[in-house]
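**Q** Could you have a look at this structure, given as structure tokens, before my questions?
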Amino acid sequence: MKVTGFNHLTLKVKDLADSLNFYTSILGLALIHRGKSDAYLEWGSAWICLIEVSAVTEKSGEDGDVTETNEQTDPSNIVREINGVDHIAFSIAEEDFAEAVQILKSHKVPIVRGPVLRGKGWSVNFLDPDGVQLELHTSNLQERMTVWK
0 MKVTGFNHLT LKVKDLADSL NFYTSILGLA LIHRGKSDAY LEWGSAWICL
50 IEVSAVTEKS GEDGDVTETN EQTDPSNIVR EINGVDHIAF SIAEEDFAEA
100 VQILKSHKVP IVRGPVLRGK GWSVNFLDPD GVQLELHTSN LQERMTVWK
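Numbering (numbering that gives the first Met the number 0) for the sequence shown: 0 to 148.
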């Protein structure tokens, strides 16, 4: 497998507007695209995708009512969407992509998405031994933005 470098980082955030302000106004990243619940920022030759998720989502009880969320609530009734890193992506040449997927499969690496064509590049997401989601991706931000809505 011939990983050629870092590609992008996707972060799950509580508040997209606050995060955009931080990454653009404070860190100086360039906003390339803003969607309803996501944004793409350029970071040198790499990029960051911000995805807004709720901090805590309530699950319905057996009767269909939403359960209360307090210290006495059964933890099984709460679904937590942890903010932070969603996945880390590495660049790989398109001509090396199919072989890389076969290497992952031959090592029984858990593949969680793909291979799939995303934008103008091929992508496969998989888990490392600690469950961290990684991605091999063949395109760059400019190519993805030509087809992103």
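Even glycine gets a Cβ: it sits at the ideal position worked out from N, Cα and C.
Given the structure is predicted, the values throughout are model-derived calculations rather than measurements.
Please name the residue in E51, D17 and E134 whose C-alpha comes closest to that of L103.
**A** Within the sequence shown, numbered from 1, the residue matching residue 103 stands at position 104. Ranking E51, D17 and E134 by Cα distance to L103 puts E134 first.
**Q** In its own chain, which residues sit with a C-beta less than 6 Å from the C-beta of L28, not counting the 5 before and 5 after it?
**A** For this step, residue 28 is matched to residue 29 along the sequence shown. The residues are Y22, L40 and W42.
**Q** Specify, as a first and last residue, the run of the alpha helix (DSSP H) that A45 falls within.
**A** To locate residue 45, count along the sequence shown from 1; it is residue 46. That residue, A45, is in no alpha helix (DSSP H); its beta strand (DSSP E) goes A45 to E51.
**Q** Name the DSSP bridge partner or partners of V123?
**A** Residue numbering aside, residue 123 sits at position 124 when the sequence shown is read from its first letter. In the DSSP output, where bridge partners are listed per residue, V123 has L135.
**Q** For E51, does the count of other Cβ atoms within 10 angstroms reach 16, so buried, or fall short, so exposed?
**A** The residue given as residue 51 occupies position 52 in the sequence shown. E51 comes out buried.
**Q** Given G63, which residues of its chain have a CB within under 6 Å of its CB, disregarding the five upstream and five downstream residues?
**A** Counting from 1 along the sequence shown, the entry for residue 63 is found at position 64. Low confidence applies here, because G63 scores a pLDDT of 38, under 50, leaving its location unreliable; read the following figure in that light. No residues qualify anywhere along the chain.
**Q** To the nearest angstrom, report how far apart G34 and R117 are at their CA atoms.
**A** Along the sequence shown, read from residue 1 onward, the residue named residue 34 stands at position 35. Along the sequence shown, read from residue 1 onward, the residue named residue 117 stands at position 118. So the alpha carbons of these two residues sit roughly 16 Å apart.
**Q** If L26 and L49 are in contact, beta carbons under 8 Å, what's the gap, nearest whole angstrom?
**A** One-based indexing of the sequence shown puts residue 26 at position 27. One-based indexing of the sequence shown puts residue 49 at position 50. L26 to L49, Cβ: 12 Å. No contact.
**Q** Go through its chain and collect everything with a Cβ distance to K119's Cβ below 8 Å, but skip five positions before and after it.
**A** Start at 1 with the first residue of the sequence shown, and residue 119 comes out as number 120. S138, E142, R143, T145 and V146.
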